[in-house]
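**Student:** Following this message is one structure expressed as structure tokens.
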Amino acid sequence: MPQNLDAYWMPFTANRQFKQAPRLISRAEGMHFWTPDNRQVLDSIAGLWCVNAGHARPKIVEAIRQQASEMDFAPPFNMGHPKQFELAERLVELTPPGLDKVFYANSGSEAVDTALKMALAYHRARGDGSRTRLIGRERGYHGVNFGGISVGGMVANRKMFGTLLSGVDHIRHTHDPRNAFSKGQPEHGAELADDLERLVALHDASTIAAVIVEPVAGSTGVLVPPKGYLERLRSICDKHGILLIFDEVITGFGRLGSPFAATHFNVTPDLMTVAKGLTNGSVPMGAVIAHQKIYDAFMNGPEHVIEFFHGYTYSGHPLACAAALGTLDTYADDGLLTRASKMAATFENAVHSLKDMPNVIDIRNMGLVGGIELAPIPGEPGKRAFSVFLDCWEKGLLIRTTGDTIAMSPPLIIENKHIDQIIGTVSDAIKRAA
Ligand SMILES: Cc1ncc(COP(=O)(O)O)c(C=O)c1O
502 MPQNLDAYWM
512 PFTANRQFKQ
522 APRLISRAEG
532 MHFWTPDNRQ
542 VLDSIAGLWC
552 VNAGHARPKI
562 VEAIRQQASE
572 MDFAPPFNMG
582 HPKQFELAER
592 LVELTPPGLD
602 KVFYANSGSE
612 AVDTALKMAL
622 AYHRARGDGS
632 RTRLIGRERG
642 YHGVNFGGIS
652 VGGMVANRKM
662 FGTLLSGVDH
672 IRHTHDPRNA
682 FSKGQPEHGA
692 ELADDLERLV
702 ALHDASTIAA
712 VIVEPVAGST
722 GVLVPPKGYL
732 ERLRSICDKH
742 GILLIFDEVI
752 TGFGRLGSPF
762 AATHFNVTPD
772 LMTVAKGLTN
782 GSVPMGAVIA
792 HQKIYDAFMN
802 GPEHVIEFFH
812 GYTYSGHPLA
822 CAAALGTLDT
832 YADDGLLTRA
842 SKMAATFENA
852 VHSLKDMPNV
862 IDIRNMGLVG
872 GIELAPIPGE
882 PGKRAFSVFL
892 DCWEKGLLIR
902 TTGDTIAMSP
912 PLIIENKHID
922 QIIGTVSDAI
932 KRAA
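Written as structure tokens, this is what we have:
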């Protein structure tokens with residue numbers, strides 16, 4: 502145990518509360534974490550929606566180890582190293598046709614801000630520079646950088662930070678209480694995509710660059726898109742020349758049972774952001790995967806001039822690329838990019854078995870993602886779910902809560918016995934939180 506917890510200012514954490522009763526983990530393997538005193542904790546959230554292949558997978562560990570000794574860093578501007586190119590090629594083999602160009606970042610937040618900048622610069626490069634408006638969605642989460650919180654729709658992440666980017670608007674979220682306890686995609690709400698038409702009528706399409714959505718919204722409590730919604734959003738974007746960005750930071754790399762949400766729903770965006778599962782959470786990395794037409798639009802000026810004035814010191818970092826290649830190998834070896842589809846029915850039945858527990862007001866699921874929404878304690882939103890979180894932690898289970906929703910996104914290697922343990926522990930905790 503560290504002697505002093507004072508100096509570390511923890512992210513997205515109630516620091517004072519945590520430091521009174523710290524929860525530390527110091528080792529991980531497969532489906533589990535261990536505390537410093539060797540207590541085993543089942544990981545029902547793949548770390549933070551990222552460790553899709555489970556912890557400490559040998560091919561990933563070895564790839565990082567080897568790369569660290571071979572070349573620790575390579576400058577990314579005007580220089581390249583082989584694994585950046587190899588990884589990009591491997592990634593575009595997995596993405597839908599047309600999404601053929603990979604731009605590296607170091608996190609989901611950076612990937613999002615990169616995609617937003619790419620969208621603006623794309624229109625400008627085509628001589629359509631009046632398209633400067635960015636559209637997000639209420640209840641969206643796109644990381645924490647200024648672009649991401651501007652298009653994001655979670656009030657706590659926005660309200661402290663001033664006026665954010667100008668020229669941003671939001672379409673309505675897709676949560677509809679009529680869909681409560683839907684299994685998979687809900688029936689009602691495809692027409693919510695028409696909200697984009699409302700914004701087109703308000704601002705005119707000629708001012709709108711792009712719309713960004715999470716295909717399945719994760720951080721706001723697992724909102725599954727209504728049947729037909731994403732298709733409709735795609736066709737409205739096409740009609741008006743607006744780029745569609747899918748933020749696949751959570752849905753990418755097998756979470757829904759297909760490599761990406763785009764493949765799962767058969768709706769192809771113009772830009773896709775990924776992170777998390779890209780390296781199985783092992784080394785920070787994000788990426789934007791862009792449609793060929795977007796790349797091509799940038800390639801028109803003189804050849805000696807940089808086409809996109811953007812990039813990070815650590816774009817395509819050698820350790821991250823090595824980790825990502827080891828990750829893709831591991832996913833392929835174990836068939837993990839489609840395994841969630843095999844486990845989905847069992848997982849769905851298991852999470853929906855909590856329907857009649859006290860204070861459960863909705864359950865939502867898709868692939869290996871589940872959200873269990875609890876009625877808030879009056880005047881104390883989030884507290885009931887957090888007490889379930891603490892209770893589960895005491896009983897050897899790590900869950901995640903957002904507001905009063907318990908979110909589950911286990912490693913894709915999960916077995917039935919783990920599902921039983923998760924549901925049993927959560928169910929007991931929900932009873933105790935009544
Ligand atoms: C959909 C989505 N976009 C972006 C992010 C931000 O990623 P990061 O925390 O790596 O910056 C997240 C993180 O949870 C996310 O869920």
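Count along the sequence shown from 1, add 501, and you get the number used in the numbering used here.
Virtual Cβ for every residue (Gly too), placed ideally from N, Cα, C.
#1: Would A657 be called buried (16 or more neighbouring beta carbons within 10 Å of its own) or exposed?
#2: Closest by CA to F586, which one among K602, F574, L595, T814?
#3: What three-state label does DSSP hand N866 in the structure shown?
#4: Would DSSP call D835 helix, strand or coil?
#5: On the three-pair Cβ rule with 8 Å, is the segment 593-612 touching the segment 642-662?
#6: When DSSP labels each residue in this structure, what does M844 get in the three-state scheme?
#7: What is the DSSP secondary structure of H533, counted as helix, strand or coil?
#8: DSSP three-state call for M619: helix, strand or coil?
#9: When the distance is taken between beta carbons, is A702 closer than 8 Å to I743?
#10: Tell me, to the nearest whole angstrom, how far the beta carbon of D939 is from that of R933; I am working on the premise that it is less than 8 Å.
#11: Only counting the same chain, and skipping five residues up and downstream in sequence, which positions put a Cβ closer than 7 Å to that of F519?
#12: Can you give me the Cβ contacts of K684 inside the same chain, cut-off strictly under 7 Å, excluding the 5 residues immediately before and after it?
#13: Give every residue of the same chain whose Cβ lies closer than 6 Å to the Cβ of V714, excluding the five residues on either side of it in the sequence, and list them in chain order.
#14: Going by DSSP, name the residue or residues bridged to E874.
#15: Can you tell me which of the three DSSP states F809 falls into?
#16: In this structure, does DSSP put I924 in helix, strand or coil?
#17: Which word fits P503, buried or exposed, when buried means at least 16 other C-beta atoms lie within 10 angstroms of its C-beta?
#18: Fully enclosed by the segment 545-606, which beta strand (DSSP E) runs are 3 residues long or longer?
#19: From R501 to G897, what distance separates their C-alpha atoms?
#20: With a 10 Å radius around its C-beta and 16 neighbouring C-beta atoms as the bar for buried, classify Q686 as buried or exposed.
#21: Say the cut is 7 Å; is the CB of G719 nearer than that to a heavy atom of ligand 1?
#22: Let me check one thing: in DSSP terms, what residues is E881 bridge-paired to?
#23: Tell me, please, which residues DSSP counts as bridged to Q793.
#24: Roughly how many angstroms separate the alpha carbons of A823 and G880, rounded to a whole number?
#25: How about Y623 and A763: do their beta carbons lie closer than 8 Å?
#26: When the Cβ atoms of the segment 522-532 are set against those of the segment 542-558, are three or more pairs found closer than 8 Å?
#27: Run the proximity test for D507: is its beta-carbon closer than 7 Å to any non-hydrogen atom belonging to ligand 1?
#28: So I907 and I900 are supposed to be a Cβ contact under 8 Å. How far apart are they, rounded?
#29: According to the Cβ coordinates, are I920 and V784 closer than 8 Å?
#30: So D670 is in the beta strand (DSSP E); what residue range does that whole segment cover?
#31: Taking all protein chains shown into account, do 16 or more other C-beta atoms lie within 10 angstroms of the C-beta of L913, making it buried, or fewer, making it exposed?
#32: State the Cα-Cα distance for the pair L829 and L779, rounded to the nearest angstrom.
#33: Give a single yes or no on whether A706 has its beta carbon closer than 7 Å to a heavy atom of ligand 1.
#34: Using 8 Å for Cβ pairs, my map puts G690 next to P727. What's the rounded Cβ distance?
#35: Could you compute how far the alpha carbon of I878 sits from the alpha carbon of R840?
**Tutor:** Let's see:
#1: Residue 657 sits at position 156 when you count from the first residue of the sequence shown. So A657 counts as exposed.
#2: Taking the first residue of the sequence shown as position 1, residue 586 is located at position 85. For the set K602, F574, L595, T814, the Cα lying nearest the Cα of F586 is the one of K602.
#3: Within the sequence shown, numbered from 1, the residue matching residue 866 stands at position 365. The answer is strand: DSSP assigns N866 an E or B state.
#4: As a working note, residue 835 is residue 334 in the sequence shown. Of the three classes helix, strand and coil, the one that applies to D835 here is helix, per DSSP.
#5: By the Cβ test, the segment 593-612 is in contact with the segment 642-662, since at least three Cβ pairs between them sit closer than 8 Å.
#6: What you label residue 844 is simply residue 343 of the sequence shown in a count that begins at 1. DSSP places M844 in helix when its eight states are reduced to three.
#7: Locating residue 533 in the sequence shown gives position 32, where the first residue counts as 1. The answer is strand: DSSP assigns H533 an E or B state.
#8: As a working mapping, residue 619 is identified with position 118 in the sequence shown. M619 falls in the helix class under three-state DSSP.
#9: In the sequence shown, residue 743 corresponds to position 242, counting from 1. In the sequence shown, residue 702 corresponds to position 201, counting from 1. No, the pair does not count as a contact, with Cβ atoms beyond the cut-off.
#10: Lying before the first or after the last residue shown, residue 939 is absent from the chain, which here runs from 502 to 935.
#11: The residue labelled residue 519 in the question sits at position 18 within the sequence shown. Cβ within range, chain order: M511.
#12: Within the sequence shown, residue 684 is the residue found at index 183, counting from 1. These residues qualify, in order along the chain: E849, H853, N866.
#13: Within the sequence shown, residue 714 is the residue found at index 213, counting from 1. If we look at V714 and ignore the five residues flanking it on each side, its Cβ neighbours are R638.
#14: As a working note, residue 874 is residue 373 in the sequence shown. According to DSSP, residue pairing for E874 in a beta bridge involves D863, T906.
#15: Translated into positions along the sequence shown, residue 809 becomes position 308. In the structure shown, F809 sits in coil (DSSP, three-state: anything other than H, G, I, E or B).
#16: Counting from one through the sequence shown, the residue named residue 924 turns up at place 423. If DSSP states are grouped into helix, strand and coil, I924 belongs with the helices.
#17: Position 2 of the sequence shown, counted from the start, is the residue given in the question as residue 503. Exposed is the call here.
#18: Fully enclosed beta strand (DSSP E) runs of 3 or longer: 600-606.
#19: Because the chain here runs from 502 to 935, residue 501 falls outside it and cannot be looked at.
#20: Reading the sequence shown from its first residue, position 185 is the one you call residue 686. Flag for Q686 reads buried.
#21: Locating residue 719 in the sequence shown gives position 218, where the first residue counts as 1. Checking the Cβ of G719 against ligand 1 gives yes.
#22: Position 380 of the sequence shown, counting from 1, holds the residue named residue 881. BP columns for E881 point to I878.
#23: Translated into positions along the sequence shown, residue 793 becomes position 292. Paired residues: none, contrary to the question.
#24: The sequence position of residue 823 within the sequence shown is 322, counting from 1. The sequence position of residue 880 within the sequence shown is 379, counting from 1. Distance between the alpha carbons of A823 and G880 is about 48 Å.
#25: By 1-based counting over the sequence shown, the position of residue 623 is 122. By 1-based counting over the sequence shown, the position of residue 763 is 262. The Cβ atoms of Y623 and A763 lie no closer than 8 Å to each other.
#26: The segment 522-532, when compared against the segment 542-558, does touch it at the 8 Å Cβ threshold.
#27: For the purposes of this step, residue 507 is taken as residue 6 along the sequence shown, with counting starting at 1. Taken from the Cβ of D507, every heavy atom of ligand 1 lies 7 Å or farther away.
#28: On the sequence shown, position 406 is the one that residue 907 refers to. On the sequence shown, position 399 is the one that residue 900 refers to. By a beta-carbon distance limit of 8 Å, I907 contacts I900. Their separation comes to about 6 Å.
#29: As a position in the sequence shown, residue 920 is number 419, starting the count at 1. As a position in the sequence shown, residue 784 is number 283, starting the count at 1. Cβ atoms of I920 and V784: not closer than 8 Å.
#30: Along the sequence shown, one-based indexing puts residue 670 at 169. That run of the beta strand (DSSP E) goes 669-672.
#31: The residue labelled residue 913 in the question sits at position 412 within the sequence shown. Buried, since its Cβ has 16 or more Cβ neighbours within 10 Å.
#32: Taking the first residue of the sequence shown as 1, we reach residue 829 at position 328. Taking the first residue of the sequence shown as 1, we reach residue 779 at position 278. Answer to the nearest angstrom: the Cα atoms are 8 Å apart.
#33: Residue 706 sits at position 205 when you count from the first residue of the sequence shown. Remark: the C-beta of A706 is outside contact range of ligand 1, defined as less than 7 Å to any heavy atom.
#34: Your numbering for residue 690 matches position 189 in the sequence shown. Your numbering for residue 727 matches position 226 in the sequence shown. Distance from G690 to P727 at the Cβ level is roughly 3 Å; contact confirmed, criterion being Cβ atoms closer than 8 Å.
#35: Counting from 1 along the sequence shown, the entry for residue 878 is found at position 377. Counting from 1 along the sequence shown, the entry for residue 840 is found at position 339. The C-alpha of I878 lies about 37 Å from the C-alpha of R840.
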